[in-house]
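Asker: If you scroll down you'll find the structure; I have some questions about it.
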Ligand code: ADP
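In the working numbering, the protein residues as written are 2 to 578.
Here it is as structure tokens:
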């Protein structure tokens, strides 16, 4: 189809050029030969006239009109030319074709008028007398410089044309042969031009259909040959790139199927596009094609996760339980493809070990608590009865036992707070009263130091929402630290509200915390100065408990401290609505 139309275009172009050239050539050749012919004939007639003048003049002078007429008729017949003699008034004196008496006055014929002025007149016009188109030449007949009459010679145009027609036919024949030859040439030229283009077109079609080994070989060394070479080069490159891509794809498929994690990609609508073997094992299904994720994973948490990823176009990690196993699911939105990719990492084992560790800690703590309380009781009894020296040792034993009891209690508190489903009795809590209570508990300890405690929270400060026991535990821990790490000065409590949240501050003028330790103090068992903490009966668990309680209340805790000047903890809690 394309070959045909391109061929027609090229060949048609040639055809148009050749035909218009031929037409142009014929038109101008005809035109110029015709002109040439007329001019030559005119000259010929003029020469004839000049020769005849000598014969006619004497007859005219003698006014022998009958002789003149027969002379003219005779000669005219012989040379196949019409001869007319006219006097100065335009009266026809003799004519080779007609009877001069019957002819009208010729004075106003253009060639006669011209001759009467003394020049050679020439016209090509219709003869009224003969009813034919004729070529006329009028020559003045002069006698001593005076015009005596006009000699007119004329030829039938049809005679001229007959001759001319023969010539024209010959020219047309030659032109026709040249035209045919050019067309044959144009045909082959167009075909040769189109053939390589056709070869290139069909090769590109084959290439597009996936035949990467296709090649084009052209014989001629021209621009098209260059194009064919580039085409072959391009085909080679495409072939190579495709091989590379399929190799990469195979490699990637190999990696994806061999990884231990489940992997799945899905489109915006949640329809699964790719998945690996592990994923099929996780969802316990092999019929995955064209399914949506909710047909395979019915866990509502997973659905919520997908909705969020789709809406926020972010990356989310969450723990999801499927068929009694726990997975760390990481969902990523792939922007360039508008797809979601999810990996499933099995953490059941890790969670089990963690649970075993937790259970172990809780069991050990429980088992230790009773003997430790018993030891403490007996030591206190023995201490009362002991002498000065032994009392010193009993005191040391008592201190260490206290520390152990503290650790055991803190560990039990932490384990309890870390439980997933923890019971919380939330109600409206007046912070000022709660802090008053905490301060009261520490009255005894505070009185031994040079410290002033101020509760600056107003009684009308709006109540917060929380579990009374746990919030007390929180502020007891913070107060405990403040008292432990402050020798003199003051400890003050303040509260303010911002962004619909309650902020409760405890500020001391103690030893402070070095800036490099600030980010770590909420970690379990982290203490800044081990020996000091131990001496104070610290466990390194207090602030972990605080952090847990704050989180359970959907709040937050921040710390600011300047070593040597004091520390400020700020707890934010939601108001009770
Ligand atoms: P500890 O039982 O040792 O007090 P915490 O978890 O309560 O353990 O605190 C961790 C560490 O943070 C403490 O060892 C102490 O060095 C530091 N710290 C906590 N509160 C204060 C405070 N108010 N002033 C100075 N240091 C503090």
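For every residue, glycine included, the Cβ atom is placed at its ideal position computed from N, Cα and C.
1. With a Cβ-Cβ cutoff of 9 Å, do residue 403 and residue 538 count as a contact?
2. Looking only at its own chain, which residues have a Cβ that is under 8 Å from the Cβ of residue 61, when we skip the five neighbours before and after it?
3. If you run the structure through DSSP and keep just helix, strand and coil, what is residue 519?
4. Just tell me which of 22, 125, 239, 470 has its CA closest to the CA of residue 180.
5. Scan the region 316 to 399 and note each continuous beta strand (DSSP E) run of 3 residues or more that stays entirely inside, going in chain order.
6. Is it the case that the CB of residue 307 approaches a heavy atom of the ligand ADP more closely than 8 Å?
7. Using the Cβ count rule (16 or more neighbours within 10 Å means buried), how would you classify residue 456?
8. Tell me, which residues are paired with residue 133 by DSSP?
9. What is the rounded straight-line gap between the Cα of residue 608 and the Cα of residue 458?
10. Taking residue 334 and residue 315 to be in contact with their CB atoms under 8 Å, please state how far apart those CB atoms are, rounded to whole angstroms.
11. What did DSSP end up calling residue 401 once you bin it into helix, strand or coil?
12. For residue 521, tell me which candidate among 541, 533, 511 has the shortest Cα-Cα distance.
13. Spatial neighbours of residue 51 within its chain, please: CB distance less than 8 Å, with the 5 preceding and 5 following residues excluded, ordered by chain position.
14. Whole-angstrom Cβ separation of residue 571 and residue 504, contact assumed at under 8 Å?
15. With distance defined between alpha-carbon atoms, name the residue in 79, 175, 117, 453 nearest to residue 90.
16. Alpha helix (DSSP H) containing residue 481: first to last residue?
17. Helix, strand or coil: how does DSSP classify residue 416 here?
18. How many angstroms separate the CA atom of residue 197 from the CA atom of residue 208?
19. Could you check whether the region 185 to 204 touches the region 8 to 15, counting it as contact only if at least three pairs of C-beta atoms, one from each stretch, sit closer than 8 Å?
20. Expressed to the nearest angstrom, what Euclidean distance is found between the alpha-carbon atoms of residue 223 and residue 249?
21. Closer than 6 Å by C-beta to residue 133: which residues in its own chain qualify, once you throw out the five before and the five after it? Chain order, please.
22. Counting only runs that start and end within the region 75 to 155, where is the beta strand (DSSP E) found for 3 or more residues in a row?
23. In the DSSP assignment, find the beta strand (DSSP E) that holds residue 261 and state where it starts and stops.
24. When burial is assigned at 16 or more other CB atoms within 10 Å of the CB, is residue 241 buried or exposed?
25. Is it true that the CB of residue 144 sits closer than 9 Å to the CB of residue 58?
26. How about residue 219: is its C-beta nearer than 9 Å to some C-beta of chain B?
27. Taking the alpha carbon of residue 595 as the reference point, which residue from 24, 386, 339, 448 has its own alpha carbon closest?
28. Could you tell me which of 517, 544, 27 sits nearest to residue 526, measuring between CA atoms?
29. What are the start and end residues of the alpha helix (DSSP H) that includes residue 445?
30. Along the chain, where does the beta strand (DSSP E) containing residue 559 start, and where does it finish?
31. In chain order, what residues of the same chain have a beta carbon less than 7 Å from the beta carbon of residue 559, not counting five sequence neighbours either side?
32. Any heavy atom of the ligand ADP closer than 8 Å to the Cβ of residue 529?
33. Could you say which of 536, 450, 472, 475 lies nearest to residue 511 if we only look at CA atoms?
34. Taking just the CA atoms, how far does residue 415 sit from residue 573?
Answerer: So, to answer that:
1. Position 402 of the chain shown, counted from the first residue, corresponds to residue 403. Position 537 of the chain shown, counted from the first residue, corresponds to residue 538. Yes, they are a contact pair.
2. On the chain shown, residue 61 is found 60 positions in, with the first residue counted as 1. 69, 86, 94, 142, 149, 150, listed in sequence order.
3. Taking the chain shown and counting its residues from 1, one reaches residue 519 at position 518. Correct three-state label for residue 519: coil.
4. Here the question's residue 180 lines up with position 179 in the chain shown. When each option's Cα is compared against that of residue 180, the closest is 22.
5. 316 to 323, 326 to 335, 340 to 347
6. As a first step, residue 307 must be located in the chain shown, where it is residue number 306. Not so, every heavy atom of the ligand ADP lies at least 8 Å from the Cβ.
7. What you label residue 456 is simply residue 455 of the chain shown in a count that begins at 1. When all chains shown are included, residue 456 counts as buried.
8. As a working note, residue 133 is residue 132 in the chain shown. Partner(s): 128.
9. In this structure the chain extends from 2 to 578, so residue 608 is not present and cannot be described.
10. Residue numbering aside, residue 334 sits at position 333 when the chain shown is read from its first letter. Residue numbering aside, residue 315 sits at position 314 when the chain shown is read from its first letter. About 6 Å; that satisfies the 8 Å criterion.
11. Along the chain shown, read from residue 1 onward, the residue named residue 401 stands at position 400. Reduced to three states, the DSSP call for residue 401 is helix.
12. If you number the chain shown from 1, residue 521 lands on position 520. Ranking the options by Cα distance to residue 521, first place goes to 541.
13. As a working note, residue 51 is residue 50 in the chain shown. Within the same chain, residue 51 has close Cβ partners 140.
14. Locating residue 571 in the chain shown gives position 570, counting from the first residue. Locating residue 504 in the chain shown gives position 503, counting from the first residue. Confirmed, about 6 Å.
15. For the purposes of this step, residue 90 is taken as the residue at position 89 of the chain shown. Closest option to residue 90, Cα to Cα, is 117.
16. Sequence index remark: in the chain shown, residue 481 carries index 480 (1-based). Where residue 481 is concerned, the enclosing alpha helix (DSSP H) stretches over 469 to 485.
17. Residue 416 sits at position 415 when you count from the first residue of the chain shown. If DSSP states are grouped into helix, strand and coil, residue 416 belongs with the helices.
18. As a position in the chain shown, residue 197 is number 196, starting the count at 1. As a position in the chain shown, residue 208 is number 207, starting the count at 1. When rounded, the distance between both Cα atoms is 16 Å.
19. yes
20. Looking up residue 223 in the chain shown gives position 222. Looking up residue 249 in the chain shown gives position 248. C-alpha separation (whole angstroms): 39 Å.
21. Looking up residue 133 in the chain shown gives position 132. Within the same chain, residue 133 has close Cβ partners 157.
22. 83 to 88, 93 to 96, 122 to 128, 133 to 144
23. Looking up residue 261 in the chain shown gives position 260. First-last for residue 261: undefined, no H or E at that position.
24. Locating residue 241 in the chain shown gives position 240, counting from the first residue. When all chains shown are included, residue 241 counts as exposed.
25. Here residue 58 is taken as the residue at index 57 of the chain shown, counted from 1. Here residue 144 is taken as the residue at index 143 of the chain shown, counted from 1. Yes, they are a contact pair.
26. Checking the listed chains, one finds no chain B in this structure; it contains a single protein chain.
27. The question about residue 595 has no answer here: the residues shown for the chain are numbered 2 through 578.
28. For the purposes of this step, residue 526 is taken as the residue at position 525 of the chain shown. Measuring from the Cα of residue 526, the nearest candidate turns out to be 544.
29. Taking the first residue of the chain shown as position 1, residue 445 is located at position 444. Element bounds for residue 445: 444 to 448.
30. As a first step, residue 559 must be located in the chain shown, where it is residue number 558. Taken as a continuous stretch (DSSP letters only), the beta strand (DSSP E) holding residue 559 covers 557 to 563.
31. Position 558 of the chain shown, counted from the start, is the residue given in the question as residue 559. 571, listed in sequence order.
32. Here residue 529 refers to the residue found at position 528 of the chain shown. Result yes, Cβ under 8 Å from the ligand ADP.
33. Taking the chain shown and counting its residues from 1, one reaches residue 511 at position 510. With distances taken between Cα atoms, residue 511 lies closest to 450.
34. What you label residue 573 is simply residue 572 of the chain shown in a count that begins at 1. What you label residue 415 is simply residue 414 of the chain shown in a count that begins at 1. When rounded, the distance between both Cα atoms is 21 Å.
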